[in-house]
Every structure is written in structure tokens, then in C-alpha cells.
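Participant:
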Amino acid sequence: MNANAFRRAIVGCLLLCATAARVVAQQSATTEETYAQQMAREQSEHPTLKIGSPAPDFNLIGIDDKMHPLAEYADAPILAIAFISNHCPASQLYEGRIKQIVRDYADKGVKLIAIAPNGPMAVAPRELNYAEVDDSFDSMKIHAAYRQFNFPYLYEGDTQQVAHRYGPKVTPHIFIFDRERKLRYEGRIDDNMRGTNIKSNDARNALDALVAGRPVPVEHTPVFGCSTKWNSAIAAKQKEMKEWTAKPVTLQTVSLDELKKLRTNPTGKTLMINFWATWCGPCQTEYPELLTTYLWYRSRDFEFVSVALNTPDEKASAQKFLDEHHSAIRNLIIDTDDVYAVQAAFDPTWESGVPFTLVLAPDGHEIYRVEGEADVLALRRKILGNLPDAGMFAGNTEYWQK
Amino acid sequence: MVNRIIALALLLTCAPLVAGRAWSQQTRRPTLLDVASRLSTDRVKAGERFTVTLDLTPAPGMHVYAPTVADYKPIAFAIRPQPGLVIGPVAYPPAEKYFYAPLKQTVDVYQKPFQVKQELTLDSSPAARAALQRALSLTVQGTLSYQACDDKICFPPRTVPLTWTVAIKES
């Protein structure tokens, strides 16, 4: 690719990304920098590998806990490396198509591997608003198992040296190498994130050409998705947490009537209600994960209300617990000593165990309910499968319903 | 006086809450702790000691907290004071150590069947004798409070009312 073509490609990428800025801006590193500015800066700091370049070497740990060097794939006539991530809704939407590529090209000499390039600490909580797990190595194992990945999934989030050499702008971003391990295609997988009305199957076109021994028709395409989360941005990403920890933690008394009203979900949003108590170990175990869930999803139509089943004379200990976990949400405590009356009034079918977590749709119908410690992953998947899609990531609700 | 000699059947009314594994009709409450109780005698005379014994069996997998815990709701057995009754100390068995890994806490609990004993004495003081002069029996009332959990779920503290009636023998 000549310099002009490369420049055009970059501009094309930036334009495409800019259209997504309203949504993806939530994924951006700072509020001071626009998404386009961020992409331009990152392109200069981590330039994308040029067509014709040799595949940069690596030796990365996979979700099988084994090291995987580039040389391991030397026998494959064609090597496709997809940079993907757990958290990115665009990346999630492409998982099924990546798996299909693996199946369709396995007998054609194509080996596909995936690398997660993001620094887990460089992903701000708000950027996890479509995710059931973060981008850590352990989370990769969970996500890959749940989505039944049929390809090696390697982690590169600590040093990002390999990611830096390849220069993925976003996840997903695919790089396809020929037998000599020269880069022959890099860019998007196809031109439609949702997977409907695809007009250009760019990665497949490149693979078909390489399998047939023909020149790749289009060597570069603009990418779209979630910007690569470089560790250099960790400090900026912590801004959100600083803002969060600056919020006050309050605890308000709630009456039976108010609780009954809460049960109908007057918020107009998806509402998670968690009943807990200081005398409940499992409640204390679970609570931080529920708060994290709220931190991740709060930029969407999602609310979280906690209700302490401590008696009024125990308010100080309840407040202490909430302070320790910085529960800067709507925290309530019952106004009576009769915990069982509260439970019966709130939900007669409640068998009185705590923690008790209920997720209600905006119309009040029950999405999720668990008495006892929640399976937080199942809870998050259920919530994600019920939160409305947001423009650019249309199809994500459906993704989580599968 | 003959009437006082007539033995009254010991009426153990360990409250409907404590028997079996039934569910309460008011709310759907699983049985967490089976409670049975007995007195050491069915008749006492002034100055005699007798004992209330609670036979307590946590539901499978559940534990209740021992009196030594601070951050959880400990089990507590209490007899309501009344004239003619001298209430001695409650004896709880040694607790088991329960390690709750998620919070890295070691807590004193009871997970296996255990007994709690309460020593009582029919007061022999002149005032008590006067108070019980015409009484054929003595109704003893108490409460057992506890809170139960397993490693995934807890239940709010419960208080079980307990009542016994013991015949009073002529001194």
C-alpha cells in the first residue's frame, strides 16, 4: 500500500469512527479528548502494522494457561490474528462470525487465533457497560468458555509489547498473514457490525484470495469497534473512579409503603434491588460485585437500590458497611424491627433468605430473582439481555439473550 | 392440698414454630433449627433445682451463631423472670469454629445437634412461698433467639417463644 492509500485508509477509519463517537465516546479514555482525537493520537503512538510487513514475533499465554509462540502456527499456510476483547460490544457481535470463519476455513489451511490487547486497568468502569466480565486474563477464560470460542485466545494486556507491534486500533481488528507471514490484509472483518445486510465480507475476501493464490483484492479496510485500551491511559481512566469515590454515601429510612412502591419499579429504568444485612456473610461477599455491576452499567438505563434489613438501631453498622464499600447509590434501611413483615409486604413469595436480589424491567416485570448469593455472571447476562440496544451496538441485547 | 399433690401433666408447648420442617403460613419460612425441650422433672418443691434442656438441631448445611460472636446475631436463651423462680446461668456448649472463606472470617457457630441448659430453682424464700401458696403449678416462659446461615444464604433473626408448666409439690 502506498502512502496516499494508507492516508486515505486512516482518514476513512477516523470518519467511520467519528460517526460512532456518540456511543463509543463512552469507551474513550478522557472527556477532554474526542474519540477522533484519541484515535489519531493512538495511531501515532501505536501505528498499525503496514501491509507487507512480517508478522511480529510473540510468545503469549493463552486461556489454556500455556504459552503460545508465533512459531507454533508455522505449519499453517495462512494465519489470521484477530484482536478482540471481552468487554467491547462490537467485538462481542463479531464472535460468532469469527467462529464461523474458523469452521469454514479450517480445511483450507487457515489458522485463526485471537489476541486480547487491552490493558485491564486501562478500561474504565463505564466502558464495561456491555460486558459481563472485564478484560483481565481470568475473565477471558470465563468469557471464552461461555461463548465456546473455537480458537486460541491469548492475553497481551500486561506489557502490550506485541499489541504495540501490530497496532490494532480497535477490537475487533484482524490481521491476515500469508505463508511467509507477510501481512496481506488488515482491517475490519466485514462492513456491518450487526451482521445483517453485509455488503463486503472483507476478511473472507482476503482469505479466499490467499487460499486461491490470488492477490488480496482490498488489503486494508477501516475498522470500527472499541479503541484499544493502552496502559498508558490508566491514569486517565482512574478519573471516573475518583469521581465515583467523591460521591456521598447516604442511608435513608424506608417505610413498608415505600417498599411496596419500589416493588413496582417507579424508576422507568431497569432496576436492581438488593436486600442485605450486616449479620449476613453472603450479603457482604456479594455486595461489592453488585456495586461493580452498577458502576459498569450506570451509563445505560439502569438503577441499583440497596435495602438493609437491619433494624433501625443498627443503622450505624449498616452505614459503616456502605461507607467501606462506597455504596454511593440509593441506600435504604427498613424502619421497623419486624424484618419478616417487611419481607412479606415486599414480596409474599420471598422465603425470607438474604441476600435477596431482584431485577425489574421498566414495566415492573421480573427479569431476575435470586434468594441467596447471586451468580453475578448470570445476573449480568440477564441484565444485558434486557437493556435496550444503543444505536451503534444494535444487536447486543440479542447477543446477550442467546 | 390434695389438689396440689395432683400432678399436672407437664405441658410442653414449645411453640408450633419449632416442630418439624413445616413452613409458616404467614410467610414462607423454612425451618432452620429444630427445637425440642424438656424439663428435668415434672414436679418441684420450694428450694428444688430443675433444669430446662433445649435439644437443638440446625437444618442440614445451616449454622447458628454461638454466644461468643460479635458481628453476627448470637443464640440467646432467656427465661422470663417471675416471682418464685430463681434463674441460674444458661449453659451453652463449646462452639465449633466455622471458617467463612469469602470474608476470611473464623466464626463461632453450632452446626451439629447441640444442647442448651438452663438451671432454675423454685424459690424457697418466705416471700416466694407466700406468692406460691395457692399455686398448683408454675408456668415458666422463655425465648430462644437465633440467626441461621449457610455459606450462600442467611435468614433474619428469629425468636421462638417457649412455655413449660411444672407442678408444685407441697413442701
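Respectively, the protein sequence lines represent chains A and B.
If you want the numbering used here, it's the position in the first sequence, counting the first as 1, plus 253.
If you want the numbering used here, it's the position in the second sequence, counting the first as 1, plus 6.
We put the CB at the ideal spot given by N, CA and C, even for glycine.
All values derive from a computational prediction rather than experimental measurement.
So which residues of chain A does residue 106/B contact, with C-beta pairs closer than 7 Å?
Facilitator: Indexing the second sequence from 1 puts residue 106/B at position 100. The contacting residues are 534.
Participant: Alpha carbon to alpha carbon, how far is residue 69/B from residue 143/B?
Facilitator: As a working mapping, residue 69/B is identified with position 63 in the second sequence. As a working mapping, residue 143/B is identified with position 137 in the second sequence. If I take the Cα positions, the gap works out to 36 Å.
Participant: Jot down the residue ranges of each uninterrupted beta strand (DSSP E) in the region 372–425 of chain A, minimum 3 residues, whole runs only, in chain order.
Facilitator: Listed in chain order, the complete beta strand (DSSP E) runs (minimum 3 residues) inside the region 372–425 of chain A are 406–408.
Participant: Classify residue 514/A: buried if its beta carbon has 16 or more other beta carbons within 10 angstroms, exposed otherwise.
Facilitator: On the first sequence, residue 514/A is found 261 positions in, with the first residue counted as 1. Residue 514/A should be labelled exposed.
Participant: Could you list the residues in the region 564–592 of chain A with a C-beta less than 8 Å from some C-beta on chain B, going in chain order?
Facilitator: Here the close residues are 592.
Participant: Taking C-beta pairs closer than 8 Å, name the residues in chain A that residue 117/B reaches, listed in chain order.
Facilitator: Walking along the second sequence from the start, residue 117/B turns up at place 111. Per Cβ cutoff of 8 Å: no residues; residue 117/B is ~14 Å from chain A at best.
Participant: What are the partner residues of residue 564/A, as DSSP defines its beta bridges?
Facilitator: Counted from its first residue, the first sequence places residue 564/A at position 311. Partner(s): none; residue 564/A has no beta bridge.
Participant: Chain A beta carbons: is any one of them nearer than 7 Å to that of residue 169/B?
Facilitator: Within the second sequence, the letter at position 163 stands for residue 169/B. With 7 Å as the cut-off, residue 169/B does not count as an interface residue toward chain A.
Participant: Is residue 335/A buried or exposed, if buried means 16 or more other CB atoms sit within 10 Å of its CB?
Facilitator: For the purposes of this step, residue 335/A is taken as the residue at position 82 of the first sequence. Label assigned to residue 335/A: buried.
Participant: If you follow the alpha helix (DSSP H) that residue 123/B is in, where does it begin and where does it stop?
Facilitator: Looking up residue 123/B in the second sequence gives position 117. Not the alpha helix (DSSP H): residue 123/B falls in the beta strand (DSSP E), residues 120–128.
Participant: Which residues does DSSP list as the beta-bridge partners of residue 498/A?
Facilitator: Within the first sequence, the letter at position 245 stands for residue 498/A. None, per the DSSP bridge assignment.
Participant: In angstroms with no decimal places, state the Cα-to-Cα distance between residue 503/A and residue 495/A.
Facilitator: On the first sequence, position 250 is the one that residue 503/A refers to. On the first sequence, position 242 is the one that residue 495/A refers to. Residue 503/A and residue 495/A: Cα-Cα distance of roughly 18 Å.
Participant: Report yes or no: is there a C-beta of chain B within less than 7 Å of the C-beta of residue 542/A?
Facilitator: The residue labelled residue 542/A in the question sits at position 289 within the first sequence. By this cut-off, residue 542/A is not an interface position.
Participant: Select from 475/A, 300/A, 326/A and 302/A the residue whose C-alpha is nearest the C-alpha of residue 312/A.
Facilitator: Working through the first sequence from its first residue, we reach residue 312/A at position 59. Here the closest residue by C-alpha is 326/A.
Participant: Determine the burial state of residue 651/A: buried for a count of at least 16 other Cβ atoms within 10 Å of its Cβ, exposed for fewer.
Facilitator: For the purposes of this step, residue 651/A is taken as the residue at position 398 of the first sequence. Per the 10 Å Cβ criterion, exposed.
Participant: Going along chain B in order, which residues have a C-beta closer than 9 Å to the C-beta of residue 559/A?
Facilitator: In the first sequence, the residue the question calls residue 559/A occupies position 306. Near residue 559/A there are no residues of chain B at all, since even the closest Cβ is about 16 Å away, more than 9 Å.
Participant: Whose C-alpha, out of 89/B, 88/B and 74/B, is nearest the C-alpha of residue 98/B?
Facilitator: Sequence index remark: in the second sequence, residue 98/B carries index 92 (1-based). Residue 74/B is the option with its Cα nearest to residue 98/B.
Participant: So which of 150/B, 89/B, 121/B and 128/B has the shortest CA-CA distance to residue 51/B?
Facilitator: The residue labelled residue 51/B in the question sits at position 45 within the second sequence. It is 128/B.
Participant: Have a look at residue 239/A and residue 457/A and give me their C-alpha separation to the nearest angstrom.
Facilitator: Residue 239/A lies beyond the residue range present for chain A, which begins at 254 and ends at 655; the question has no answer from this structure.
Participant: Under the rule that 16 or more other beta-carbon atoms within 10 Å means buried, what is residue 11/B, buried or exposed?
Facilitator: Against the second sequence, residue 11/B aligns to sequence position 5. Because the pLDDT at residue 11/B is just 34, under 50, the model does not fix this residue reliably, and the value given afterwards should be weighed accordingly. Flag for residue 11/B reads exposed.
Participant: In three-state terms, what does DSSP make of residue 139/B?
Facilitator: Along the second sequence, read from residue 1 onward, the residue named residue 139/B stands at position 133. In this structure, residue 139/B counts as coil in the three-state DSSP scheme.
Participant: Excluding the 5 residues flanking residue 94/B on each side, which residues of the same chain have their C-beta closer than 6 Å to its C-beta?
Facilitator: Here residue 94/B refers to the residue found at position 88 of the second sequence. Around residue 94/B: 125.
Participant: Have a look at the DSSP bridge pairing and note the partners of residue 340/A.
Facilitator: Within the first sequence, residue 340/A is the residue found at index 87, counting from 1. According to DSSP, residue 340/A bridges with nothing at all.
Participant: Looking at C-alpha atoms only, which residue of 349/A, 415/A, 355/A and 384/A is the closest neighbour of residue 369/A?
Facilitator: Your numbering for residue 369/A matches position 116 in the first sequence. Minimum Cα distance to residue 369/A is reached at 415/A.
Participant: Here's the rule I'm using: 16 or more other beta-carbon atoms within 10 Å means buried, otherwise exposed. How should residue 27/B be labelled?
Facilitator: Along the second sequence, one-based indexing puts residue 27/B at 21. With a pLDDT of 29 at residue 27/B, under the threshold of 50, the predicted position of this residue should be treated as unreliable, and no value is reported.
Participant: Using beta-carbon positions only, say whether residue 430/A and residue 323/A come within less than 7 Å of one another.
Facilitator: In the first sequence, residue 430/A corresponds to position 177, counting from 1. In the first sequence, residue 323/A corresponds to position 70, counting from 1. For residue 430/A and residue 323/A, no; Cβs fall outside 7 Å.
Participant: Alpha carbon to alpha carbon, how far is residue 344/A from residue 478/A? Give it in angstroms, no decimals.
Facilitator: Within the first sequence, the letter at position 225 stands for residue 478/A. Within the first sequence, the letter at position 91 stands for residue 344/A. Distance between the alpha carbons of residue 478/A and residue 344/A is about 7 Å.
Participant: Note down, in chain order, all residues in the region 66–90 of chain B with a beta-carbon under 9 Å from any beta-carbon belonging to chain A.
Facilitator: Within the region 66–90 of chain B, the residues whose Cβ lies closer than 9 Å to some Cβ of chain A are 71, 77, 78 and 79, listed in chain order.
Participant: Can you tell me whether DSSP reads residue 323/A as helix, strand or coil?
Facilitator: Translated into the one-based positions of the first sequence, residue 323/A becomes position 70. Three-state DSSP puts residue 323/A in a helix.
Participant: Going by other Cβ atoms of all chains shown within 10 Å of its Cβ, with 16 needed for buried, is residue 566/A buried or exposed?
Facilitator: For the purposes of this step, residue 566/A is taken as the residue at position 313 of the first sequence. Exposed, since its Cβ has fewer than 16 Cβ neighbours within 10 Å.
Participant: Out of 392/A, 644/A and 580/A, point me to the one whose CA is closest to residue 537/A's CA.
Facilitator: Counting from 1 along the first sequence, the entry for residue 537/A is found at position 284. With distances taken between Cα atoms, residue 537/A lies closest to 580/A.
Participant: Can you check whether the C-beta of residue 626/A is within less than 7 Å of a C-beta belonging to chain B?
Facilitator: Walking along the first sequence from the start, residue 626/A turns up at place 373. By this cut-off, residue 626/A is an interface position.
Participant: Would you report the Cα separation of residue 402/A and residue 349/A, rounded to the nearest angstrom?
Facilitator: Position 149 of the first sequence, counted from the first residue, corresponds to residue 402/A. Position 96 of the first sequence, counted from the first residue, corresponds to residue 349/A. Distance between the alpha carbons of residue 402/A and residue 349/A is about 9 Å.
Participant: Ordered along the chain, which non-local residues of its own chain (more than five positions away) have a Cβ less than 8 Å from that of residue 79/B?
Facilitator: The count along the second sequence starts at 1 and reaches residue 79/B at position 73. So the qualifying residues of the chain are 71, 151, 152, 153 and 163.
Participant: Between which two residues does the beta strand (DSSP E) harbouring residue 43/B extend?
Facilitator: As a first step, residue 43/B must be located in the second sequence, where it is residue number 37. Unbroken beta strand (DSSP E) run through residue 43/B: 39–45.
Participant: Taking Cβ-Cβ distances below 9 Å as the criterion, which residues of the region 150–169 of chain B are in contact with chain A?
Facilitator: Residues 153, 155, 156, 157, 158, 159, 160, 161, 162, 163 and 164.
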